[in-house]
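Line by line, the protein sequences are chains R and P.
Under the UniProt record's numbering, the first residue of the first sequence is numbered 1, with each subsequent residue one higher.
Under the UniProt record's numbering, the first residue of the second sequence is numbered 1, with each subsequent residue one higher.
We treat Cβ as the ideally placed atom computed from N, Cα and C, and that holds for glycine.
In this text the structure is predicted, and so the values were computed from the model without any measurement.
There are 2 protein chains.
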Amino acid sequence: MVEPSGTERDAEVISRFVEHFAAQLVEAGLPRMPARVFVALLASDAGVLTSAELSEQLKISPAAVSGAVRYLSQVRMVSREREPGSRRERYRVHGDQWYEALTNREAVIRRWEVALREGVASLGGDTPAGRRLAETLAFFEFVEKEVPAMMERWRARREELFGGDGADA
Amino acid sequence: MVEPSGTERDAEVISRFVEHFAAQLVEAGLPRMPARVFVALLASDAGVLTSAELSEQLKISPAAVSGAVRYLSQVRMVSREREPGSRRERYRVHGDQWYEALTNREAVIRRWEVALREGVASLGGDTPAGRRLAETLAFFEFVEKEVPAMMERWRARREELFGGDGADA
DNA sequence: CGCTTCCTTCAGAAGATTGTGAAGTTAAGG
DNA sequence: CCTTAACTTCACAATCTTCTGAAGGAAGCG
């Protein structure tokens with residue numbers, strides 16, 4: 001058998017990984033196209049791809065890329081940058097920020113807290129149900145306070161493992 | 001205006017809360033019926049409701065309740081118990097375990113890690129993309145190690161706030 | 001200054017999800 | 001042992017989501 005050229009081989013290997021990991025993210029609640037686009041970026045060497053490259057690699061229409069990128073930038077998992085001397089747009093994974101985004105359900109948790117506070121107020125803090133809600137609320141408040149410290153520890157650990165060169169971002 | 005009886009008033013207040021909080025959970029990725037059933041249980045004084053009660057309170061068919069409960073017990077957010085001298089089944093929120101379930105995306109994260117390890121292996125740990133994946137993987141491994149300690153601190157904090165009587169479970 | 005290129009937006013079709021009704025299953029009680 | 005009560009399962013129908021194709025708009029380049 002003829003050894004396939006590096007790039008062809010890579011294309012298939014990458015595709016396998018993209019589809020596999022994206023499927024997991026979908027299962028976890030991410031919409032399909034954003035998941036695929038995101039993983040494709042993650043698996044690209046530069047961490048940057050153009051709309052056209054994504055469109056071709058994932059076999060989807062430019063419109064689908066556009067929608068996916070809009071979603072991803074809303075949740076801060078990807079940023080868009082205009083390539084200077086061109087009308088091409090480039091999309092980039094936030095090297096080490098993206099998992100913060102995944103962790104940062106902050107906005108979500110904040111809304112949960114609002115709903116729970118309302119619940120405690122309207123059911124009454126002296127009822128069994130009210131107490132249960134209050135405890136749940138306290139849990140989220142606790143987590144919200146813990147997460148920043150944990151991320152701080154992560155940065156230290158990251159430094160330790162990979163050195164500070166941050167070749168990525 | 002005649003003051004409505006306590007229970008009627010509660011019914012509406014509870015319903016407001018149930019729908020509001022459930023909507024947030026849905027937005028966060030939980031299917032609608034499971035979310036509504038879950039919150040209804042959370043807002044019930046005993047933390048326990050029968051299928052019939054859920055069906056009536058949420059205005060959904062017994063079939064929908066059944067499906068929702070199946071989902072919830074799979075993700076360990078609710079447990080089912082047979083009421084001794086009756087064919088009624090009772091569904092219960094795990095007093096203080098349910099947020100552990102929400103936190104315990106463990107299974108999910110585990111699968112992500114598998115996919116990422118594969119990715120590192122096939123892209124090569126010496127490529128930029130491979131390094132990015134490796135870092136992501138390291139992050140999840142880190143989190144997985146941190147969560148148990150955090151939950152331990154939460155239990156201590158909970159004790160401190162609410163005392164150990166655990167009137168709930 | 002117009003042309004070209006690339007991206008976006010919009011409307012619609014294909015597909016997936018989800019909740020209902022009806023039949024089936026299990027178990028209590030007479 | 002038969003009846004009745006309660007939950008579950010199954011197949012279908014309604015709904016919602018999602019992706020595509022086509023048209024529209026900005027920005028470089030000749």
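message: Please classify Arg-36 (chain R) as buried or exposed, where buried requires at least 16 other C-beta atoms within 10 Å of its C-beta.
response: buried
message: Against chain P, does Ser-15 (chain R) count as a neighbour if the rule is that its beta carbon must be under 7 Å from one of theirs?
response: no
- prompt: Looking only at C-alpha atoms, which of R:Ser-55, R:Ile-60 and R:Ala-138 sits nearest to Arg-153 (chain P)?
  reply: R:Ala-138
task: Establish whether the CB of residue 172 (chain R) and some CB of chain P are separated by less than 7 Å.
output: In the structure as shown, chain R starts at 1 and stops at 169, and residue 172 (chain R) therefore has no counterpart that could be examined.
message: Taking the beta carbon of Arg-132 (chain R) as the centre, do at least 16 other beta carbons fall within 10 Å, making it buried, or is it exposed?
response: Around the CB of Arg-132 (chain R), 16 or more other CB atoms lie within 10 Å, so the residue is classed as buried.
query: Which residues bound the alpha helix (DSSP H) around Phe-83 (chain R)?
result: One detail in the question is off: residue 83 (chain R) reads as Glu in this sequence, not Phe. It is not in any alpha helix (DSSP H) - Glu-83 (chain R) carries neither H nor E in the DSSP assignment.
message: Quick check: what's the CA-CA separation for Gly-85 (chain P) versus Arg-155 (chain R)?
response: 57 Å
- request: Count the other CB atoms, across all protein chains shown, that sit within 10 Å of the CB of Glu-135 (chain P); report buried if there are 16 or more and exposed otherwise.
  value: Result: buried.
Proximal residues of chain P, C-beta to C-beta of Met-150 (chain R) below 8 Å: Val-143, Glu-146 and Met-150
message: My assumption, with CB atoms under 8 Å, is that Ala-129 (chain P) sits in contact with Asp-45 (chain R). Please give the rounded CB distance.
response: 5 Å
- request: Measure from the alpha carbon of residue 175 (chain P) to the alpha carbon of each residue in P:Val-108, P:Ser-15, P:Leu-123 and P:Asp-96, then state which is nearest.
  value: There is simply no residue 175 (chain P) to check, as chain P begins at 1 and stops at 169 in what is shown.
- prompt: Beta-carbon separation of Arg-87 (chain P) and Ser-79 (chain P) under 7 Å?
  reply: Contact annotation: Arg-87 (chain P) and Ser-79 (chain P) have beta-carbon atoms that are not nearer than 7 Å.
task: Quick one: which unbroken alpha helix (DSSP H) runs of 4-plus residues sit fully inside the UniProt domain "HTH marR-type" (29 to 89) of chain R? Chain order, please.
output: 32 to 42, 51 to 58 and 62 to 74
Chain P contacts made by the UniProt domain "HTH marR-type" (29 to 89) of chain R, where a contact means CB separation under 9 Å: Gly-29, Leu-30, Val-39, Leu-42, Ala-43, Ser-44, Asp-45, Ala-46 and Gly-47
task: Spell out the partners DSSP gives Tyr-91 (chain R) in its beta bridges.
output: R:Leu-49 and R:Arg-80
- request: Can you say whether Ala-149 (chain P) is buried or exposed, counting buried as having 16 or more other CB atoms within 10 angstroms of its CB?
  value: Residue environment for Ala-149 (chain P): exposed (fewer than 16 other C-beta atoms within 10 angstroms of its C-beta).
message: Between the alpha carbons of Ala-169 (chain R) and Pro-34 (chain R), how many angstroms are there, rounded?
response: Summary for Ala-169 (chain R): the model assigns pLDDT 44, below 50, so the residue's position carries little reliability; its value from the coordinates is reported in the next sentence. Each residue's alpha carbon lies about 20 Å from the other.
Whether Glu-118 (chain R) touches Phe-140 (chain R) by CB criterion (7 Å): no
field: Pairwise C-alpha distance: Glu-89 (chain P) and Glu-83 (chain P)
entry: Approximately 6 Å between the Cα atoms of the pair.
query: Taking the alpha helix (DSSP H) that Thr-136 (chain P) falls in, what are its first and last residues?
result: Annotation for Thr-136 (chain P): the continuous alpha helix (DSSP H) segment containing it runs 128 to 162.
message: Residues in the same chain with beta-carbon distance under 8 Å from Ile-109 (chain P), minus the five sequence neighbours each way, listed in chain order, please.
response: Phe-140, Val-143 and Glu-144
- request: Could you check how far apart the C-beta atoms of Leu-58 (chain P) and Ala-40 (chain P) are, in whole angstroms? I think they sit under 8 Å.
  value: 6 Å
- prompt: Between the beta-carbon of Ala-115 (chain R) and the beta-carbon of His-20 (chain P), is there less than 7 Å?
  reply: When the beta-carbon positions are compared, Ala-115 (chain R) and His-20 (chain P) come within less than 7 Å of each other.
task: Would you grab the beta carbon distance between Ala-43 (chain R) and Met-77 (chain R) for me? Rounded to a whole angstrom, and I think it's under 8 Å.
output: Contact doesn't hold; Cβ gap of about 14 Å is too wide.
Residues of its chain near Gly-163 (chain R), where Cβ-Cβ distance is below 8 Å and the 5 sequence neighbours each way are ignored: none
field: Nearest residue (CA-CA) to Ser-66 (chain R), options R:Gly-29, R:Met-151 and R:Ser-51
entry: R:Ser-51
task: Following the continuous alpha helix (DSSP H) through Gly-119 (chain R), name the residue where it begins and the one where it ends.
output: 106 to 123
message: Quick test of your reading: Phe-17 (chain R) and Leu-123 (chain P), contact by CB under 8 Å. State the CB separation rounded to the nearest angstrom.
response: 7 Å
Option nearest Val-75 (chain P) by Cα separation, candidates P:Glu-27, P:Met-151, P:Ala-64 and P:Pro-31: P:Pro-31
task: State yes or no: is the C-beta of Gly-29 (chain P) within less than 7 Å of the C-beta of Gly-29 (chain R)?
output: yes
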